[in-house]
Amino acid sequence: MPELLAKKARHGELSDLLKDYSRQYYLGDAPGISDAVYDALYNELLEIEREFPLLKTKDSPSQKVGAKASRKFSKIKHLSPMLSLENAFNEDDIATFLERVRNLSGRDQIDLVLEPKLDGLSASLRYKNGFLMAGATRGDGMVGEDVTANILTLDCVPKKISEWSSFQDVEVRGEVVMKKADFRSLNESRLEAGEKLFANPRNAAAGSLRQLDSAITKSRKLTFFAYSLISEDYPPQTQMEVLKTLGKCGFTISDEIAFCQNQTEAFRFYAEMEQQRADLEYDIDGIVYKVNDLQLQQKLGASSKFPRHSIAYKFPAEKAETTVLNIVVQVGRTGNITPVAELMPVTVGGVVVSRATLHNRDEIEKKDIRVGDRVILQRAGDVIPQILSAIPEKRPENSVPFLFPNLCPCCGSALVRGNDEAATKCININCEAQMVERLIHFVSKLAFNIDGLGEQNIKFFFDSGFIKSPVDIFYLENKNSEIQLENFEGWGRQSVQNLFDSINKAKTITLDKFIYALGIPQVGRSVSKLVAGFFKSYESFLESMENKDVTGLLAVDGIGESILGDILKFFENSSNLNVLKQLAGNGKNGAVTILNVESPENNLLQNKTIVFTGTFETLSREEAKELAEKYGAKAASSVSAKTSLVVAGENAGKKLEQAQKLGIKIISEQDFLELIKKT
Ligand code: IVH
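Residue numbering for the sequence shown is 235 to 913, as defined by the working numbering.
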């Protein structure tokens with residue numbers, strides 16, 4: 235019976251929430267609740283009622299409103315960028331940070347709040363009039379994934395905060411983590427079920443939160459630790475006050491917080507935490523030092539990447555000892571030959587490591603790493619594990635230095651090395667290992683992102699001759715009447731259909747991802763964004779590549795002679811240019827469609843702060859706000875000097891007066907819609 239009682243209590247809670255939400259929605263005097271929130275709660279209610287039909291009372295919300303289909307992940311634009319933190323690695327770095335804060339603020343005494351740097355993924359939660367409306371991952375810092383339905387399954391996140399009922403907009407940011415004990419039991423049950431294990435609690439947290447099926451998230455134990463609060467209606471004064479308020483409103487706050495008034499105290503706390511680190515319930519990888527005074531934080535501002543008010547003092551990297559079982563060489567997509575050590579698996583920094591790169595010929599010679607050596611392995615935060623050194627006393631007597639090959643292990647052609655280059659290369663562009671690596675890169679997540687075409691499948695398609703060039707991927711479905719993929723081992727009708735669906739989905743791609751997918755040496759994610767930003771359209775990119783005229787690119791900050799040389803060299807090879815044309819034609823008649831770069835200069839609403847007031851003819855207030863946010867503007871609830879634009883409808887009152895007083899531009903609903911059209 236206790237289960238029924240617990241479910242009855244939850245059912246009551248859900249019914250109240252859903253009724254509140256419906257009332258809000260129908261009365262229309264407060265922003266309505268988002269569909270995702272409603273759906274998740276409603277589905278939970280239905281689930282309970284299916285299990286315990288007794289609870290399906292006449293006044294249950296299930297008897298009043300119909301369930302809506304649940305939605306897919308969509309994107310959420312953050313109200314302000316979710317930046318990352320600058321790292322400090324020693325006391326000098328912290329002293330420099332504090333010195334800078336003192337200089338910029340003109341104050342001698344800086345109060346600090348020290349918090350653990352939680353090792354999870356950051357998330358942003360938005361509350362409107364006290365109701366949780368949306369939850370998003372950090373994403374690229376500007377736009378995150380809509381994980382509202384998943385956030386709603388976390389018991390530790392309050393869904394309704396009555397203290398905030400009069401605040402239009404409150405954003406809470408924090409870290410979603412999986413506690414170590416929850417991580418261990420999750421992996422134990424995955425092991426039993428024969429499922430793949432998560433490498434560490436952070437991966438488990440990310441994998442659990444970023445699930446399309448919120449029932450999966452619900453089955454995992456995640457904890458949201460809140461650490462910041464942003465609101466125009468309710469601006470707190472200090473970071474300590476933020477933490478206290480969040481705690482009072484029902485959020486989980488780390489227990490390990492310190493208020494420090496000088497550097498000595500702060501270093502002591504860091505040292506204590508480093509000692510206690512292994513005994514904490516959750517993984518942390520450092521201590522965040524934050525200026526307590528939020529007005530001062532504001533004043534200090536941010537560089538393009540980091541705020542100047544906080545810094546993460548990282549703990550030293552973790553080390554482990556293991557044995558080199560073998561050294562193999564790999565051929566990369568640009569022909570680079572990389573030696574890789576295969577290791578006796580060992581846990582370092584919470585991750586089981588069984589391979590480590592030895593980078594290049596010089597590195598392996600300098601460190602003199604040999605097969606059979608005992609070596610020291612280091613892993614620091616996100617960094618790929620490195621072999622620091624061999625332990626000479628433990629070297630077996632018969633060991634011999636590693637002999638770097640002179641021939642490509644795949645195609646047998648002679649390896650070459652440029653004068654100033656660290657890399658040894660196979661320069662046969664028809665080397666099959668390179669071709670496979672190029673295809674793997676082409677379909678990878680940040681490029682064409684074709685689900686179902688992982689490394690193994692690419693190798694299968696390449697070896698069977700069905701995919702030799704990127705273009706073949708997009709004609710696979712046409713050729714399937716001949717190939718009959720469903721008759722091959724490991725494939726079935728459904729998996730073949732899924733593959734074709736994801737290939738078709740990938741046929742529309744942005745210009746930067748397309749350029750990245752080509753795999754031009756030195757043209758990674760950020761350079762491809764710069765190149766795309768310069769050309770704006772595929773047509774103009776193609777024209778320049780055909781004419782071998784790329785000098786204009788030199789004007790772009792971040793692109794130098796060396797990158798330019800690689801781009802030119804790539805397109806001097808006519809087969810690369812042919813692949814480009816077969817893929818995208820002249821922009822119209824190819825296998826894929828490439829989206830032009832949207833120019834922010836044309837976006838008249840980007841970064842504008844808009845206030846909507848009065849009643850509109852065609853749009854509801856909420857629709858107007860959503861529209862504004864979609865075009866990169868921020869919708870605010872009150873008029874201040876920071877407001878860029880006021881959209882006034884019928885019966886606009888005080889806000890309109892205030893805008894007139896401050897001389898802020900005022901437009902009608904029609905003007906606003908026109909503006910959107912032009913944007
Ligand atoms: S404050 C400007 N406080 O560290 C970013 N971040 O490297 C302000 N993190 O993206 C964030 N624990 O995901 C803050 N106590 C803490 C944190 C914390 C972990 C993460 C956060 C952020 C990353 C930056």
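The beta carbon of each residue, even a glycine, is placed where N, CA and C say it ideally should be.
Asked, Found
"Neighbour-count burial assignment, Val525, 16 or more Cβ in a 10 Å radius", "buried"
"Proximity below 7 Å, CB of Ile900 to CB of Val880", "yes"
"Around the ligand IVH, Cβ to any heavy atom closer than 5 Å, ordered along the chain", "Leu317, Ser318, Leu319, Glu349, Lys351, Leu352, Ser356, Glu409, Tyr461, Val522 and Pro541"
"Stretch-stretch touch, CB-based, cutoff 8 Å, three pairs: the segment 577 to 592 with the segment 531 to 550", "no"
"Uninterrupted beta strand (DSSP E) stretches inside the segment 302 to 387 (no shorter than 3 residues)", "309 to 311, 320 to 322, 346 to 352, 355 to 362, 365 to 371 and 377 to 379"
"Whole alpha helix (DSSP H) elements within the segment 423 to 472, 4-residue minimum", "435 to 443 and 448 to 453"
"Length of the line joining the Cα atoms of Cys644 and Ile797", "27 Å"
"Stretch-stretch touch, CB-based, cutoff 8 Å, three pairs: the segment 379 to 393 with the segment 422 to 436", "no"
"Inter-residue spacing [alpha-carbon to alpha-carbon] between Ala370 and Glu379", "5 Å"
"Among Arg567, Pro541, Arg436 and Ile464, nearest to Asp224 - alpha-carbon criterion", "Residue 224 lies beyond the stretch modelled for the chain, which goes from 235 to 913, so this question has no answer here."
"Own chain partners of Gln471 with C-beta closer than 8 Å, once the 5 adjacent residues on each side are dropped", "Asp527, Leu528 and Gln529"
"Spatial neighbours of Ala536 in its chain, beta-carbon cut-off 7 Å, leaving aside the 5 residues before and after", "Leu317 and Arg542"
"Buried versus exposed call for Thr457 [16 or more other C-beta atoms within 10 Å across all chains shown]", "buried"
"Residue from Glu283, Glu795 and Thr742 whose Cα sits closest to the Cα of Gly824", "Thr742"
"Secondary structure of Ser419, DSSP reduced to three states", "helix"
"Nearest neighbour of Met412, chosen from Lys659, Ala439 and Asp403 [CA to CA]", "Ala439"
"Minimum length 3: unbroken beta strand (DSSP E) runs contained in the segment 768 to 842", "827 to 829"
"Whole-angstrom distance between Thr498 and Ala460, CA atom to CA atom", "27 Å"
"With 16 other Cβ atoms within 10 Å as the buried cut-off, status of Asn363", "buried"
"Nearest neighbour of Ser771, chosen from Glu780, Asp746, Leu788 and Asp791 [CA to CA]", "Asp746"
"CB of Glu283 within 7 Å of CB of Leu275, strictly", "no"
"Between the CA atoms of Cys642 and Asn653 - distance to the nearest angstrom", "19 Å"
"Unbroken beta strand (DSSP E) run spanning Pro704, endpoints", "Element bounds for Pro704: not the beta strand (DSSP E) but the alpha helix (DSSP H), Pro704 to Ile717."
"Nearest-angstrom Cα separation, counted from Met367 out to Ala303", "Since pLDDT at Ala303 reaches only 27, below the 50 mark, its modelled position is unreliable, and no value is offered."
"Alpha helix (DSSP H) segments (min. 4 residues) lying fully within the segment 508 to 593", "528 to 534"
"Alpha carbon of Asp374 to alpha carbon of Ile464, nearest angstrom", "19 Å"
"Cβ contact check for the segment 666 to 674 and the segment 550 to 570: 3 or more pairs under 8 Å", "yes"
"Which of helix, strand or coil DSSP assigns to Gln612", "strand"
"Alpha-carbon spacing of Lys309 relative to Ile707, whole angstroms", "28 Å"
"Met507 classed as buried or exposed, judged by whether at least 16 other C-beta atoms fall within 10 angstroms", "buried"
"Simplified DSSP state of Gln668, which is helix, strand or coil", "helix"
"CB contact flag (Ser544, Val522, <7 Å)", "yes"
"Status (buried if at least 16 other CB within 10 Å, exposed otherwise) for Met779", "buried"
"Through-space distance from Phe417 to Asn496, alpha-carbon basis", "37 Å"
"Residue environment, Val757, which counts as buried when at least 16 other CB atoms sit within 10 Å", "buried"
"DSSP three-state assignment for Ile621, whether helix, strand or coil", "strand"
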